[in-house]
């Protein structure tokens, strides 16, 4: 039981981690992140980097969809803006990779705000369709503006170097990616304990009341689009530098849906939920792949239909998850914590 | 009975009795349906003005015009902030809120997934000044601002006696408590005028008594002007300084509770024929 914890200042009462148990859990998690790469194989490091990139993208989408309630199907398009901007700025202008990442995030924020303008008039599913248009328009521009992007040809990005060290090796990139996850997560949780974040949530919960409380809906909706796209652009830029190659196929509507699934399964309106969802949706296909590969030896006759079984299992797991725990992995984790917090008086 | 408030809840610069809000010849119609026809009404600093009338009389429409949710086709709504007059019809709802006009809603419109504390802090929105970057970093001034407003909000929690539920999500609270939180959220704006749309609807007599006490406290201790729509005549006659009666989009009477009570037009509007209005009698209790 958590008892005997008394806060004597508003500062400690308003802290992000209010109890020793919470602080210890966070410290353990950070320790794990710091130690992990020294024991991981190259393959698991690749997965960890993918999780990190997906987490940043999922936090970005969660700011917009989970916290502010503006459903977006433009995630893939916004990631494409980030990736192509980072790649083109590096290739064409010869700017250093770190500067290209910052520029890419800012450009994506601007593009996101532009496509957020319809949100003043449109809500819910109607807005989803408008953002779907954003997705299609961006991809169309990417594939057809050959002079700028190279069209459907892949854009090759030079390796990012820092003091003569190649950053995009799995081990080196791990530190960059997870460092940025830390910064993104910290900024987001900070945002949601100030009036900006509360304005976003107010718009989601009750937009008319929010307006009457003095919240400028247009300004804050655009701000939500811009901030969200900033982080989505960041994750796109990381993909460009990690893969050293940018192609449009990586940013189709499938990606938008995948990210929506991530935040729904992880937990809407939650930073930890974004991490859970990104981890789950990145690792599940990998686990299914490995399982399929090992099963192939046992049942050689089903090799041809293996991909379909994997796809179906992927879908099945997601459906089961939504039925059994509609509030996502975040809720599951909270239930586990509550169980131990209340133990042995669980009533 | 002062509680030793560290903060004042009232942001108006006017002296009690000065005209704060002047509604002039306001017409509002939806398509062919006239909701308000030529309403004239004055609200004075630090009074409690009740707006009553049968269902569909246009009471909520009038409130929505003041807070900018509806735009009247004709007329002016002039608000005096002590320095200059603003025509509210030309402003958007969030600009009107910035002038210090706060309100609650007939059907509770709280931010359901936020805690009580966060709802009240959201009410402070217009007073928070930190920039986006310092909020993202949450260091120094941004943190100090949040803590300062937390202290202010604790005063409101104290006033409304909702200490025990401050960390609860408002969606999980009982109806009466939600109404109280909504009043608190409006108070967090440090209102110059507080518009309350049926603050006691659906409450039992004990809750009504509490709510009436809170409204009187806010008015008497902090001098906040209150415009109130309410159907419970006992409460209206008890706590209001003046009463305005609306019927079919027109103001049919205005005056002290006693004047309104004996006005034949009002009796007709409520009962359709001449009867003694309100069986409670003069000064009846409101429970």
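Protein chains in written order, with my numbering: chain A, 1 to 347; chain B, 348 to 634.
Cβ atoms here follow ideal geometry from the backbone N, Cα and C, with glycine treated the same way.
- Counting along the chain, residue 374 of chain B sits inside the beta strand (DSSP E) bounded by residues 366-377.
- Here the stretch 574-582 of chain B makes contact with the stretch 532-548 of chain B; the two share three or more CB pairs at distances below 8 angstroms.
- Between residue 457 of chain B and residue 390 of chain B, the C-beta spacing is not below 9 angstroms.
- Residues of the stretch 572-600 of chain B with a C-beta less than 7 angstroms from any C-beta of chain A: none at all.
- Taking 8 angstroms as the upper bound for CB-CB distance, residue 88 of chain A and residue 139 of chain A are not in contact here, some 16 angstroms apart.
- Residue 303 of chain A counts as exposed, since fewer than 16 other C-beta atoms from the protein chains shown sit within 10 angstroms of its C-beta.
- Taking 9 angstroms as the cut-off, the beta carbon of residue 424 of chain B is found closer than this to the beta carbon of residue 412 of chain B.
- Below the 9 angstroms Cβ cutoff, chain A contributes 190, 194 as neighbours of residue 489 of chain B, in chain order.
- Secondary-structure assignment with DSSP links residue 516 of chain B through a beta bridge to B:462.
- When only Cα atoms are considered, residue 11 of chain A and residue 515 of chain B end up about 19 angstroms apart.
- At a cut-off of 9 angstroms between beta-carbon atoms, residue 84 of chain A makes no contact with chain B.
- Rounded to the nearest angstrom, the Cβ distance from residue 141 of chain A to residue 108 of chain A is 14 angstroms, too far for a contact under 8 angstroms.
- Listed in chain order, the beta strand (DSSP E) elements of length 3 or more contained wholly in the stretch 199-271 of chain A amount to none.
- Per the C-alpha coordinates, the member of A:190, A:280, A:293 positioned closest to residue 321 of chain A is A:280.
- Rounded to the nearest angstrom, the Cβ distance from residue 607 of chain B to residue 590 of chain B is 4 angstroms, consistent with a contact under 8 angstroms.
- Neighbours of residue 206 of chain A in chain B, taken as residues at a C-beta separation under 8 angstroms, are given in chain order as 456, 457, 458, 459.
- A distance below 7 angstroms between beta-carbons, with the five flanking residues on each side excluded, links residue 410 of chain B to the following residues of its chain, in chain order: 450, 542, 544, 576.
- The C-beta of residue 484 of chain B comes closer than 9 angstroms to at least one C-beta of chain A.
- Beta-bridge partners assigned by DSSP to residue 427 of chain B: B:432.
- Here the alpha carbons of residue 188 of chain A and residue 246 of chain A stand approximately 28 angstroms from one another.
- Of all alpha-carbon atoms in A:28, A:210, A:296, A:340, the one lying nearest the alpha-carbon of residue 443 of chain B is that of A:210.
- If you compare the alpha carbons of B:598, B:571, B:610, B:612 with that of residue 447 of chain B, the shortest gap goes to B:571.
- Taking C-beta atoms under 8 angstroms as the contact rule, residue 509 of chain B and residue 531 of chain B qualify, at a distance of about 7 angstroms.
- Here residue 161 of chain A carries a strand assignment [DSSP, helix/strand/coil].
- Secondary structure at residue 544 of chain B: strand, using DSSP grouped into helix, strand and coil.
- Among the residues of chain B, those whose CB is under 9 angstroms from the CB of residue 199 of chain A are 469, 472, following chain order.
- Closer than 9 angstroms at the C-beta level to chain A, one finds these residues of the stretch 426-442 of chain B: 439, 440, 441, 442.
- A residue is called buried once 16 or more other Cβ atoms fall within 10 Å of its Cβ, and residue 182 of chain A, having fewer, is exposed.
- Shown here, residue 476 of chain B sits in coil according to DSSP, grouped into three states, outside any helix or strand.
- Per DSSP, residue 590 of chain B is one residue of the beta strand (DSSP E) stretching across 589-594.
- Rounded to the nearest angstrom, the gap between the Cα atoms of residue 551 of chain B and residue 339 of chain A is 37 angstroms.
- Residue 444 of chain B reaches chain A at 212, 213, 214, counting residues in chain order whose Cβ is nearer than 7 angstroms.
- When DSSP states are grouped into helix, strand and coil, residue 572 of chain B belongs to the strand group.
- Straight-line measurement puts the Cα of residue 467 of chain B at about 12 angstroms from the Cα of residue 199 of chain A.
- Residue 209 of chain A reaches chain B at 452, 456, 457, 458, counting residues in chain order whose Cβ is nearer than 8 angstroms.
- Taking a Cβ-Cβ threshold of 7 angstroms, the residues of chain B close to residue 202 of chain A are 458, 469, in chain order.
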